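This report refers to the structure that appears directly beneath it.
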Amino acid sequence: EDVTELKSGGVGVVLDPNTGLLQEVILNGQTVKVAQEFLYYEGFVGDNEEPKNRSSGAYIFRPVPDKDAVVVAEKAQVKIFRGTIVAEAQQIFNEWVSQTIRIYDQENLIEFEWLVGPIPNQDANGKEVITRFTTDFATKSTFYTDSNGREMLKRVRNSRPTWNLTLEEPVAGNYYPITSKLSIVDDSRDLQLSLLTDRAQGGSSLKDGQLEMMIHRNCLHDDAFGVGEALDEIAFDKGLVARGSHFLVVGPHTNKTGEISTTAQERDIAQRKVLDAWVLISPAYNDSSYLS
Amino acid sequence: WVDLNALREAMGVMQHHDAITGTEKQHVAEDYARILQGGIDECQFIVNSALSEIITGENNTGDNPTPKLPLNSCWWTNVSSCSFSENQDEFVVTVYNPLSRPVTKYVRLPVLGQAYEVQDPAGTSLVVELIPIPEPVLKIPGRQSEAKVELVFKAADLPPLGFKSYSVKKKSGNEILKE
Numbered sequence: 002e003d004v005t006e007l008k009s010g011g012v013g014v015v016l017d018p019n020t021g022l023l024q025e026v027i028l029n030g031q032t033v034k035v036a037q038e039f040l041y042y043e044g045f046v047g048d049n050e051e052p053k054n055r056s057s058g059a060y061i062f063r064p065v066p067d068k069d070a071v072v073v074a075e076k077a078q079v080k081i082f083r084g085t086i087v088a089e090a091q092q093i094f095n096e097w098v099s100q101t102i103r104i105y106d107q108e109n110l111i112e113f114e115w116l117v118g119p120i121p122n123q124d125a126n127g128k129e130v131i132t133r134f135t136t137d138f139a140t141k142s143t144f145y146t147d148s149n150g151r152e153m154l155k156r157v158r159n160s161r162p163t164w165n166l167t168l169e170e171p172v173a174g175n176y177y178p179i180t181s182k183l184s185i186v187d188d189s190r191d192l193q194l195s196l197l198t199d200r201a202q203g204g205s206s207l208k209d210g211q212l213e214m215m216i217h218r219n220c221l222h223d224d225a226f227g228v229g230e231a232l233d234e235i236a237f238d239k240g241l242v243a244r245g246s247h248f249l250v251v252g253p254h255t256n257k258t259g260e261i262s263t264t265a266q267e268r269d270i271a272q273r274k275v276l277d278a279w280v281l282i283s284p285a286y287n288d289s290s291y292l293s
Numbered sequence: 004w005v006d007l008n009a010l011r012e013a014m015g016v017m018q019h020h021d022a023i024t025g026t027e028k029q030h031v032a033e034d035y036a037r038i039l040q041g042g043i044d045e046c047q048f049i050v051n052s053a054l055s056e057i058i059t060g061e062n063n064t065g066d067n068p069t070p071k072l073p074l075n076s077c078w079w080t081n082v083s084s085c086s087f088s089e090n091q092d093e094f095v096v097t098v099y100n101p102l103s104r105p106v107t108k109y110v111r112l113p114v115l116g117q118a119y120e121v122q123d124p125a126g127t128s129l130v131v132e133l134i135p136i137p138e139p140v141l142k143i144p145g146r147q148s149e150a151k152v153e154l155v156f157k158a159a160d161l162p163p164l165g166f167k168s169y170s171v172k173k174k175s176g177n178e179i180l181k182e
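Going down the list, the sequences are from chains L and D.
By the working numbering, the letter at position 191 of the first sequence is numbered 192, and the numbering carries on one by one without gaps.
By the working numbering, the letter at position 120 of the second sequence is numbered 123, and the numbering carries on one by one without gaps.
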């Protein structure tokens with residue numbers, strides 16, 4: 002369909018008609034401006050002799066200092082398919098980055114199924130690909146990450162709880178492991194936005210209102226920490242292609258009487274994704290009573 | 004229990020720090036994948052025997068258990084490919100819920116046909132959709148599939164720690180025309 006809005010019940014997404022990029026999400030009675038883009042950090046390449054000359058590699062994430070992440074594409078080609086049970090926007094950003102945004106008739110979430118690779122490996126620097134969501138949330142340098150899928154921990158940008166911190170690596174130094182969830186909260190509007198993962202990743206909030214998650218990387222030089230080879234995974238004679246999903250949830254931060262809290266919804270989704278139902282296939286069975 | 008050992012051993016190996024952090028050499032990563040898949044394959048036999056026994060009510064234990072109902076996993080659905088759903092005109096999809104509460108699962112299977120009928124365990128026809136597979140997925144290196152669409156249906160209210168089975172049938176040209 003030639004539309005830029007997908008809606009099903011109380012869940013919806015709006016795409017920018019000019020760029021095909023995400024503009025707005027609707028969930029839990031809230032309409033929130035959310036922009037999303039794919040970018041990559043260029044991995045630093047050095048001789049590994051001194052700490053400041055360490056290459057980004059299998060052990061460490063070390064983007065080129067003082068260089069912003071590069072936007073993969075300013076526009077996306079979009080195809081919309083709208084059905085009764087699922088509606089989706091298929092976006093193509095370039096030859097090696099694409100995504101499908103899905104909403105389901107009975108799911109209180111928005112799925113972002115990304116596909117990245119083969120990452121070009123002809124340049125000197127590796128590419129460390131991220132997806133970034135930008136909102137107008139006033140987050141006061143604070144975001145929340147889970148700890149091995151258990152409790153959520155408060156993270157404050159450029160800060161550590163028990164000592165005064167001066168970060169030499171402002172990007173990597175603010176990255177944390179995300180086992181299943183990364184959240185930001187805007188107290189002034191009582192809003193919470195979370196990104197749930199289908200696998201452990203690294204993520205951060207490098208500016209107020211932003212969330213980003215690393216989804217794929219190649220590092221074309223060894224970082225000399227022990228592995229002894231570049232991180233450039235190959236499958237079928239090409240660079241590896243990674244496919245996975247993020248699940249976005251927005252809703253009130255504080256519990257309202259009689260309503261399921263946003264955090265409880267997120268926990269339900271995380272459980273269903275970690276222990277997903279098994280789909281098994283058998284030949285047709287002749288006995289009709291078998292199905293019942 | 005014996006069939007579980009290969010996966011147990013694989014998990015033991017995976018606890019080595021380079022498997023956890025992903026800092027192993029490429030050929031070691033490939034060996035880890037080989038060990039893990041070997042373990043998963045052996046567990047597939049347990050899943051087959053147990054679910055087949057629950058479904059058919061026949062005991063398959065013994066030295067040489069032969070499940071009456073072969074249950075296949077589609078290992079290539081991560082690239083939207085499944086030789087079984089693509090090549091069979093009629094098949095049964097069994098969806099098992101490992102959680103202790105009811106859940107709904109949206110089943111997606113790559114298919115080659117133009118129209119399908121899916122019936123739930125009560126024999127009721129479900130709403131089904133055929134959604135085009137995104138073009139970049141069709142081009143993933145190593146993907147060996149002719150499927151350009153995925154069949155989507157809703158497996159609603161799967162019982163806790165239980166399953167439901169759905170019959171899937173490709174509609175003939177005449178049936179499509181008649182509709």
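The C-beta atom is built at its ideal place from N, Cα and C for all residues, glycine as well.
On a predicted model such as this, the values are computed, not experimentally measured, just so you know.
### Task
Determine the DSSP secondary structure at Q40 of chain D, reduced to helix, strand or coil.
helix
### Query
Among residues of its own chain, excluding the 5 on either side of A225 of chain L, which ones have a beta-carbon nearer than 6 Å to its beta-carbon?
N49
### Message
Could you compute how far the alpha carbon of V33 of chain L sits from the alpha carbon of D6 of chain D?
### Response
50 Å
### Message
Quick check on DSSP: helix, strand or coil for K8 of chain L?
### Response
strand
### Task
Per DSSP, which residues does E120 of chain D bridge with? Please list them.
D:K172
### Message
Quick check on E230 of chain L: buried or exposed, where buried means 16 or more other Cβ atoms within 10 Å of its Cβ?
### Response
exposed
### Task
Just mark V98 of chain L as buried or exposed, buried being the case when its beta carbon has 16 or more other beta carbons within 10 Å.
buried
#### Entry: Contacts of I43 of chain D in chain L (Cβ-Cβ under 7 Å)
Residues of chain L passing the Cβ test: none, with the nearest at roughly 12 Å.
### Message
Please state whether the Cβ-Cβ distance between I120 of chain L and A70 of chain L is less than 8 Å.
### Response
no
#### Entry: Terminal residues of the beta strand (DSSP E) in which K80 of chain L lies
78 to 83
### Message
Using the Cβ count rule (16 or more neighbours within 10 Å means buried), how would you classify M14 of chain D?
### Response
exposed
### Query
By DSSP, does F226 of chain L sit in helix, in strand, or in coil?
coil
### 8 Å Cβ cutoff, N75 of chain D in contact with chain L
yes
### Contact belief for V155 of chain D with V110 of chain D at Cβ below 8 Å, rounded distance in angstroms
7 Å
### Message
Please list, in chain order, the residues of the segment 138 to 153 of chain D that have any C-beta partner in chain L closer than 8 Å.
### Response
E138, P139, V140, I143, P144, G145
### Query
Using a beta-carbon distance below 8 Å, is Q40 of chain D in contact with chain L?
no
### Task
Determine whether the Cβ of E120 of chain D lies closer than 8 Å to any Cβ atom of chain L.
no
### Query
Should L164 of chain D be labelled buried (16 or more other beta-carbon atoms within 10 Å of its own) or exposed?
exposed
### Query
Across which residues does DSSP place P135 of chain D in a beta bridge pair?
D:V152
### Sequence-distant residues of the same chain with beta carbon closer than 6 Å to T255 of chain L, five excluded per side
D191
### Task
Evaluate G58 of chain L with the Cβ neighbour count: other Cβ atoms within 10 Å of its Cβ, from every protein chain shown; 16 or more gives buried, anything less gives exposed.
buried
### Query
Counting only beta-carbon atoms, is Q193 of chain L nearer than 8 Å to chain D?
no
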